[in-house]
DNA sequence: CCCGGAATCGGGGTCACGCCCGATGCTCCA
DNA sequence: TGGAGCATCGGGCGTGACCCCGATTCCGGG
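Chains as they are written, first to last, in my numbering: chain A, 1 to 221; chain B, 222 to 442.
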């Protein structure tokens with residue numbers, strides 16, 4: 001489906017909110033990559049990609065107004081031929097997973113050298129999936145956990161809780177006292193106690209602090 | 222005390238762990254700034270600054286092995302003529318405060334434009350203090366809280382705690398109960414209570430959860 | 001129509017938490 | 001020889017957290 005077949009210089013749009021970083025990337029890879037456009041925000045990126053239809057988008061994960069995933073969500077279905085390579089300072093598992101799930105074809109950190117980045121862009125343009133060695137483990141783990149995956153995102157644990165219990169759970173995890181939660185939800189302390197007790201029992205936890213960690217691990221807070 | 226008096230191009234050493242970002246900065250400001258050296262790590266930065274004695278050091282706040290403050294701590298007393306301008310992606314108050322307390326003469330975010338950065342470097346070289354407008358509030362607040370402040374640099378907050386109190390603090394922040402801490406440190410619950418009470422009072426906190434957040438913000442846990 | 005789940009409260013209790021006193025022994029230093 | 005700082009304990013007290021019991025109301029379904 002890719003229009004040409006020559007391994008020539010792929011066209012690239014560069015998305016990063018720091019103009020100075022874009023200048024650095026341009027200086028490093030311009031000799032082997034054809035940078036046809038740049039963008040510094042989510043809206044600008046979407047418009048630029050639609051207009052230029054590049055072979056590859058170099059996409060910063062952390063952007064105002066939704067970050068890289070927001071760009072991907074807006075453009076991916078519309079332009080399936082465009083490949084996205086995430087480029088981020090972060091090597092945190094959640095950043096990697098979020099942008100890969102959103103549809104990126106690769107993820108490299110900004111510590112990468114110019115030649116390596118050029119090579120990665122060429123590979124993504126040709127259909128390969130590219131990851132920094134350090135990140136391979138994250139990706140494998142994530143997809144192993146997600147299983148061969150039906151569509152089920154499964155919050156089987158969260159679904160055990162009634163709506164009201166989930167509400168109380170979130171406030172508990174943030175460290176609110178029973179009194180504060182009662183004030184927030186316009187119910188009495190005793191009701192909060194009941195919900196809290198149910199939450200802890202259903203989640204097989206025994207203290208508020210364990211709940212905090214539980215919620216943090218699942219990014220509920 | 223500054224050696225020359227000409228407002229010529231100040232000599233600058235550029236410290237950032239991303240070579241690509243350094244390349245971008247260089248491309249943007251090389252016409253009005255004399256970049257005499259670069260470094261990508263704390264150790265390299267210290268050596269380079271000692272060797273080149275630049276007028277200004279452009280210093281990334283987030284570096285492996287201690288970050289910008291570690292560089293400042295090592296070089297500031299030794300080379301008081303060198304001015305440091307912090308350059309960071311972060312506009313978090315704690316980052317600003319930590320590096321300013323460590324001795325930086327200014328703080329700008331990486332969203333700054335090339336010409337603005339050039340101007341900021343010139344101003345710092347001439348002895349001015351430079352802050353991005355958004356950060357002025359943080360700095361003013363911090364120095365208002367800290368009072369007219371003597372020379373006191375350092376982690377004034379952590380240093381208020383005795384060694385034993387710091388030990389207890391870390392366990393408290395992790396959610397250990399007083400009984401568990403006592404078991405861990407081979408002391409009685411009452412002693413743990415004393416230390417815990419001292420910790421909370423010295424840090425001006427009132428609950429274990431606030432301490433958890435306090436420690437998390439400072440990456441102590 | 002009655003049964004069960006959900007949500008709302010209450011009384012009672014145990015224990016941890018945080019704070020207020022006090023006391024002892026130790027080391028370091030003027 | 002003091003005194004200051006640190007670490008170690010104790011009693012007591014008020015409050016919150018968490019659990020056990022029970023109770024009521026509402027609503028939807030067999």
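Every residue, glycine too, gets a C-beta built ideally from N, C-alpha and C.
Residue i and residue j closer than 9 Å at C-beta
i                     : j                     : result
residue 103 (chain A) : residue 88 (chain A)  : no
residue 13 (chain A)  : residue 42 (chain A)  : no
residue 278 (chain B) : residue 266 (chain B) : yes
residue 51 (chain A)  : residue 84 (chain A)  : no
residue 410 (chain B) : residue 395 (chain B) : no
residue 424 (chain B) : residue 382 (chain B) : yes
residue 238 (chain B) : residue 32 (chain A)  : no
residue 432 (chain B) : residue 420 (chain B) : yes
residue 27 (chain A)  : residue 248 (chain B) : yes
Three-state secondary structure assigned by DSSP to residue i
i                     : result
residue 427 (chain B) : coil
residue 388 (chain B) : helix
residue 109 (chain A) : strand
residue 237 (chain B) : coil
residue 421 (chain B) : helix
residue 78 (chain A)  : coil
residue 227 (chain A) : An answer regarding residue 227 (chain A) cannot be provided, because it is not within the stretch 1 to 221 covered by chain A.
residue 307 (chain B) : strand
residue 280 (chain B) : strand
residue 260 (chain B) : strand
residue 31 (chain A)  : coil
residue 174 (chain A) : coil
residue 383 (chain B) : coil
residue 339 (chain B) : helix
residue 325 (chain B) : coil
residue 98 (chain A)  : helix
residue 468 (chain B) : Only positions 222 to 442 of chain B appear in the structure, and residue 468 (chain B) is not among them; the question remains open.
residue 290 (chain B) : helix
residue 411 (chain B) : helix
residue 126 (chain A) : coil
Best match in the options for proximity to residue i [C-alpha to C-alpha]
i                     : options                    : result
residue 519 (chain B) : B:263, B:397, B:320, B:303 : Because residue 519 (chain B) is not part of the residues shown, which for chain B are 222 to 442, the question remains open.
residue 236 (chain B) : B:253, B:230, B:293, B:252 : B:293
residue 98 (chain A)  : A:199, A:48, A:70          : A:70
residue 398 (chain B) : A:115, A:208, A:202        : A:208
residue 39 (chain A)  : A:29, A:21, A:110          : A:21
residue 436 (chain B) : B:416, B:405, B:390        : B:390
residue 336 (chain B) : B:250, B:426, B:427, B:434 : B:250
residue 384 (chain B) : B:404, B:416, B:402, B:403 : B:416
residue 422 (chain B) : B:379, B:403, B:404, B:408 : B:379
residue 280 (chain B) : B:426, B:402, B:330        : B:330
residue 76 (chain A)  : A:47, A:187, A:182         : A:47
residue 53 (chain A)  : A:187, A:183, A:34, A:206  : A:34
Expected contact under 8 Å - CB spacing of residue i and residue j to nearest Å
i                     : j                     : result
residue 55 (chain A)  : residue 11 (chain A)  : 5 Å
residue 24 (chain A)  : residue 307 (chain B) : Residue 24 (chain A) to residue 307 (chain B), Cβ: 19 Å. No contact.
residue 19 (chain A)  : residue 334 (chain B) : 7 Å
residue 165 (chain A) : residue 185 (chain A) : About 11 Å separates the two Cβ atoms, so there is no contact after all.
residue 79 (chain A)  : residue 100 (chain A) : About 18 Å; that fails the 8 Å criterion.
Positions along the segment 245–266 of chain B whose CB lies within less than 7 Å of some CB in chain A | Flagged, chain order: 245, 246, 248, 249.
Which residues, in chain order, does the segment 187–218 of chain A contribute to contact with chain B at a C-beta distance below 8 Å?
-> So the close ones are 207, 209, 210, 212, 213.
For the segment 285–314 of chain B, enumerate the residues whose C-beta is nearer than 8 Å to any C-beta of chain A, in chain order.
-> Along the segment 285–314 of chain B, going in chain order, the ones with a CB nearer than 8 Å to a CB of chain A are 310.
Members of the segment 7–20 of chain A that neighbour chain B once the beta carbon cut-off is set at 9 Å | Residues passing the 9 Å Cβ filter: 17, 18, 19, 20.
Name the residues in the segment 159–177 of chain A whose C-beta lies less than 8 Å from a C-beta of chain B; which are they?
-> Within the segment 159–177 of chain A, the residues whose Cβ lies closer than 8 Å to some Cβ of chain B are 175, listed in chain order.
Relative to chain A, which residues along the segment 332–345 of chain B have a C-beta separation below 9 Å, given in chain order?
-> If the cut-off is 9 Å between Cβ atoms, the segment 332–345 of chain B has 332, 333, 334, 335, 338 near chain A.
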